[in-house]
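Start counting the first sequence at 15; every next residue gets the next number (this note's numbering).
Even for Gly, the Cβ is constructed at its ideal location relative to N, Cα and C.
In this text the structure is predicted, and so the values were computed from the model without any measurement.
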Amino acid sequence: MNYLNDIRQSVSRWIESVTEKSFDANSVGIDFCKKEFEGDFTILIFPLTKIIGKAPEQIAQQCGDHLLAESKISSFNVVKGFLNISLPDSFWLNELEQINTIDLLTRIRKNCTPSSYLIEFCSPNTNKPLHLGHIRNIAIGWSNYKILKALGHDVDTTQVINDRGIAICKSMLAWKKFGNGETPTSTSMKGDHFVGQYYVLFENKFRQEYSEWQQTEQAKTLFSNISKTDSETDFFREYKNDYFNQYSLLGKEAKEMLLAWEAGDQEVRALWSRMNQWVYEGFGQTFEQLGVRFDSNYYESETYLLGKDIVDDGLKRGVFYRNHDQSVWIDLTDVGLDKKIILRSDGTSVYITQDLGTAVKRHEHFKKQNYVYVVGDEQDYHFKVLFETLKKLNVEFSAGLKHLSYGMVELTTGKMKSREGTIVDADDLMQEVIEEASEGAMERGELAELSLEEKNQIFYKIGMSALKYFILKVNYKKRMIFNPKESVDMQGNTGPYIVNAYVRIQSILRKAGEVENWSISQIPIHPQEKVVITQLLDYPSVLQETAELLDPSKLANYCYALAKDFHKYYHDCRILNAETQELKKYRIALCKNVSQTLEHGMECLGISMPERM
RNA sequence: GGUUCCGUAGCUCAGCUGGAUAGAGCAUCUGCCUUCUAAGCAGAGGGUCUUUGGUUCGAAUCCAAACGGAAUCACCA
């Protein structure tokens, strides 16, 4: 509430004159006045009792008299240690004049020191399509990108695509064995879904093979020899991975394929690129639908061997040490973590090896001050280890590393599990929410005269606003319970509610036509207008706080609050039919500001709004 | 067991740099469309802010412990 600095200064000067000691104006506590009390703002007097040494009511009274004498306020009242002040109409008119004349970008970038960021998010595996978890990840990553960008920072987006490994080999193998040469085109399927289908097929075939194997003598002997439980079911559930690695024919074939891939086998590589290409085409459509893009992609197939030179360097400098079996480790017990392996005894990489390599390579490339990794909180420990390791390696960018750790998305029925078919597919979900939006819009019938294409564009925007807002309004750190029914809600605290406020203003502005600029004059201010102006004045600091915390839910909640205040205003006050021309011009100016702020805020959440609905 | 995160209305969430009678939405009930888009507005009911201590004039907010839940502690990614 920087716009109250004048009041703060005045209060602190008064305190100084009473106590004859210096007093920091910034520590004057001012809050919005509660609805139940009369006044615009409330000055907290309690903290001053010790300094001044009088009863709170007495201080409040004297402070109020002082402000009144200096004409800073129009009236005040005292309730216990609360000094409720009302500001003169001229204050509100001046503030509105300010936001009217000073460009929004200038206002939000005030006191903002430009910095640079690389934001990594999404980071999919290429063996299956994107799901709800990715949507949360992408919504958070993209929104932070938009917010930081809006504040004038230099920001790039990137993702690491996990395009190699056993998983994609499973899809490849299943396609090779059972695919009969089908392609996404021949089956009219989206490429990522097509490839994902073969991953599922592999798993099914494998499970079938496994359950048949469980009937063999070999399996039964194994069970009686090594099982610690009496339950065959429990044992074989636990044993699945070992079976895959030791006995499974399909497992053997998949692993051979992985080895062939690593050896650069031409046929395997060709199949691999072909199938990954299908997946990328599918992902591309999903990204487009989500309205996001990446400035760069890192492919694991190109980075998985990185990091070995860093291991050598770390060994030389004594940051890492070599175990007797030749594996390489780092001791992080001094920072409260464990000893962690950096390189296997056979010299091959582990997860963190390539992450170290990728981090260093990226910095060579981008030279950013901040590197934000949008990755689920299940990997908190990994990132602690990664960052501590980089710190010990003394890389110059270690201070700017940040794991934006978001909570997992769960369904009302529990976790999403592919085995139980409870994965919420990203494309399906978007489809569903857009359909819901179109049904609602058709019922309302506001769009009757528009073309089909225009209508579809609007349904799409409304639907996506519902979905994205639903996800972003929750603080990213929190584990999120996703109720599909609520995600398509269009009423109450939802994206469409905010869109509706914006659309109402657009409708007014269309009807108003060209209106000459409003200039300050004697205008009676409606209480709800004070609320709306206050909210508008708050926008720059909300945006800056959002950026500082990398927490879009702050901004989402602000947008809702502003929309809510506007809806009430719209209900309370006539705009086009205002009592006088001056009042009408002023109200339209206010509406324009609300509209602009909503549009900017929602844009920063990655939500673009339609002009009508 | 160690570490980290979480516990606010029936449900989903705000509020947490300490301030007045703890807020929204959904769901339930009641009003308001011949006037700028009713995806709206107004109202009703619904709470020992997990518990217990502590700090303070004042605690949902800070500290400690307990209870409950989650994640992680792989030569998996």
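Notebook entry, point to check: Can you tell me the Cα-Cα spacing of residue 148 and residue 537, whole angstroms?
Noted result: The residue you call residue 148 lines up with position 134 of the first sequence. The residue you call residue 537 lines up with position 523 of the first sequence. Distance between the alpha carbons of residue 148 and residue 537: 51 Å.
Next item on the list: Please report how far the alpha carbon of residue 173 lies from the alpha carbon of residue 349, in whole angstroms.
Entry: To locate residue 173, count along the first sequence from 1; it is residue 159. To locate residue 349, count along the first sequence from 1; it is residue 335. About 29 Å.
Note to self: Tell me the rounded alpha-carbon separation between residue 418 and residue 566.
What the structure shows: Locating residue 418 in the first sequence gives position 404, where the first residue counts as 1. Locating residue 566 in the first sequence gives position 552, where the first residue counts as 1. Their backbone Cα atoms lie some 12 Å apart in a straight line.
Note to self: For the alpha helix (DSSP H) containing residue 366, name the first residue and the last one.
What the structure shows: As a working note, residue 366 is residue 352 in the first sequence. Residues 365 to 380.
Notebook entry, point to check: When DSSP labels each residue in this structure, what does residue 224 get in the three-state scheme?
Noted result: In the first sequence, residue 224 corresponds to position 210, counting from 1. If DSSP states are grouped into helix, strand and coil, residue 224 belongs with the helices.
Item checked: Pairwise C-alpha distance: residue 271 and residue 369 -> Here residue 369 corresponds to residue number 355 of the first sequence, with the count starting at 1. Here residue 271 corresponds to residue number 257 of the first sequence, with the count starting at 1. Their Cα atoms are separated by approximately 24 Å.
Margin query: Assuming residue 610 and residue 118 are in contact, meaning their beta carbons sit under 8 Å apart, how far apart are those beta carbons, in whole angstroms?
Written below: Walking along the first sequence from the start, residue 610 turns up at place 596. Walking along the first sequence from the start, residue 118 turns up at place 104. Yes, residue 610 and residue 118 are in contact; Cβ-Cβ is about 6 Å, under 8 Å.
Notebook entry, point to check: Are the beta-carbon atoms belonging to residue 78 and residue 97 less than 8 Å from one another?
Noted result: Mapped onto the first sequence, residue 78 falls at position 64. Mapped onto the first sequence, residue 97 falls at position 83. In this structure, residue 97 lies closer than 8 Å to residue 78 by Cβ.
Item checked: Assigned secondary structure, residue 417 (DSSP; H/G/I helix, E/B strand, else coil) -> Residue numbering aside, residue 417 sits at position 403 when the first sequence is read from its first letter. Residue 417: strand per DSSP, three-state reduction.
Notebook entry, point to check: Name the DSSP beta bridge partners of residue 37, please?
Noted result: Position 23 of the first sequence holds residue 37. Partner(s): none; residue 37 has no beta bridge.
Checklist line | Minimum length 4: unbroken alpha helix (DSSP H) runs contained in the region 208 to 272 | finding: 231 to 240, 246 to 252 and 254 to 260
Check: With burial defined as no fewer than 16 other Cβ atoms inside 10 Å of the residue's Cβ, what is the status of residue 211: buried or exposed?
Finding: Stepping through the first sequence from its first residue, residue 211 is reached at position 197. It counts as buried.
Next item on the list: Go through its chain and collect everything with a Cβ distance to residue 274's Cβ below 7 Å, but skip five positions before and after it.
Entry: Here residue 274 refers to the residue found at position 260 when the first sequence is read from its first residue. Excluding sequence neighbours, residue 274 sits near 282.
Item checked: Through-space distance from residue 329 to residue 336, alpha-carbon basis -> The residue given as residue 336 occupies position 322 in the first sequence. The residue given as residue 329 occupies position 315 in the first sequence. So the alpha carbons of these two residues sit roughly 8 Å apart.
Check: For residue 91, does the three-state DSSP call read helix, strand or coil?
Finding: Along the first sequence, read from residue 1 onward, the residue named residue 91 stands at position 77. Note: residue 91 maps to strand in three-state DSSP.
Margin query: Is the separation between the beta-carbon of residue 55 and that of residue 47 shorter than 8 Å?
Written below: Within the first sequence, residue 55 is the residue found at index 41, counting from 1. Within the first sequence, residue 47 is the residue found at index 33, counting from 1. Taking 8 Å as the Cβ cut-off, residue 55 and residue 47 qualify as a contacting pair.
Margin query: Could you pull the DSSP bridge partners for residue 173 from this structure?
Written below: Counted from its first residue, the first sequence places residue 173 at position 159. Answer is 311, bridged to residue 173.
Next item on the list: Compare the Cα-Cα distances from residue 548 to each of 40, 69, 27 and 110 and report the closest residue.
Entry: On the first sequence, residue 548 is found 534 positions in, with the first residue counted as 1. Taking only the C-alpha atoms, the option nearest residue 548 is 110.
Checklist line | Residue closest to residue 198, alpha-carbon to alpha-carbon, out of 191, 324, 207 and 612 | finding: Taking the first sequence and counting its residues from 1, one reaches residue 198 at position 184. Measuring from the Cα of residue 198, the nearest candidate turns out to be 207.
Checklist line | At least three beta-carbon pairs within less than 8 Å, the region 434 to 441 to the region 613 to 625 | finding: no
Note to self: Give me, in chain order, the residues of the same chain whose beta-carbon lies closer than 6 Å to that of residue 205; leave out the 5 immediate sequence neighbours on both sides.
What the structure shows: On the first sequence, residue 205 is found 191 positions in, with the first residue counted as 1. The answer, listed in chain order, is 198, 292, 293, 295 and 296.
Note to self: Less than 8 Å between the C-beta atoms of residue 607 and residue 16, yes or no?
What the structure shows: Here residue 607 refers to the residue found at position 593 when the first sequence is read from its first residue. Here residue 16 refers to the residue found at position 2 when the first sequence is read from its first residue. No.
Notebook entry, point to check: Where residue 243 and residue 254 are concerned, what is the direct C-alpha to C-alpha distance, given to the nearest angstrom?
Noted result: On the first sequence, position 229 is the one that residue 243 refers to. On the first sequence, position 240 is the one that residue 254 refers to. Cα to Cα, the separation comes out at about 15 Å.
Notebook entry, point to check: Taking the alpha-carbon positions, what's the residue 356 to residue 551 distance?
Noted result: One-based indexing of the first sequence puts residue 356 at position 342. One-based indexing of the first sequence puts residue 551 at position 537. So the alpha carbons of these two residues sit roughly 51 Å apart.
Note to self: In chain order, what are the residue ranges of uninterrupted alpha helix (DSSP H) at least 4 long that sit wholly in the region 562 to 613?
What the structure shows: 566 to 586
Next item on the list: Entirely within the region 336 to 367 and at least 3 residues each: give me those beta strand (DSSP E) ranges in chain order.
Entry: 342 to 345 and 353 to 357
Checklist line | Closest by C-alpha distance to residue 267, when choosing among 182, 562 and 194 | finding: Here residue 267 refers to the residue found at position 253 when the first sequence is read from its first residue. Residue 267 has its Cα closest to that of 182, out of 182, 562 and 194.
Note to self: For residue 56, report the span of its beta strand (DSSP E) as first-last.
What the structure shows: To locate residue 56, count along the first sequence from 1; it is residue 42. Its beta strand (DSSP E) spans residues 55 to 58.
Notebook entry, point to check: DSSP state of residue 96, grouped into three classes?
Noted result: Counting from 1 along the first sequence, the entry for residue 96 is found at position 82. Strand.
Note to self: Can you find the residues in the same chain that come closer than 6 Å, C-beta to C-beta, to residue 227, ignoring five residues on each side of it along the sequence?
What the structure shows: Working through the first sequence from its first residue, we reach residue 227 at position 213. Answer for residue 227: 233, listed in chain order.
Notebook entry, point to check: If you compare alpha carbons, which of 375, 405 and 421 is closest to residue 392?
Noted result: Residue 392 sits at position 378 when you count from the first residue of the first sequence. The option with the nearest alpha carbon to residue 392 is 421.
Margin query: So, at 7 Å on beta carbons, what are the nonlocal neighbours of residue 514 in its own chain, with the 5 sequence-adjacent residues on each side left out?
Written below: The sequence position of residue 514 within the first sequence is 500, counting from 1. Cβ neighbours of residue 514 beyond the five flanking positions: 627.
Checklist line | Per DSSP, cross-strand counterpart(s) of residue 422 | finding: Residue mapping note: residue 422 aligns to position 408 of the first sequence, counting from 1. Its beta-bridge partners do not exist; DSSP assigns none.
Check: Where DSSP assigns a beta bridge to residue 484, which residues make up the other side?
Finding: Within the first sequence, numbered from 1, the residue matching residue 484 stands at position 470. Residue 484 pairs with nothing; no bridge assigned.
Check: Taking Cβ to Cβ, would you say residue 170 is nearer than 8 Å to residue 144?
Finding: Within the first sequence, residue 170 is the residue found at index 156, counting from 1. Within the first sequence, residue 144 is the residue found at index 130, counting from 1. No.
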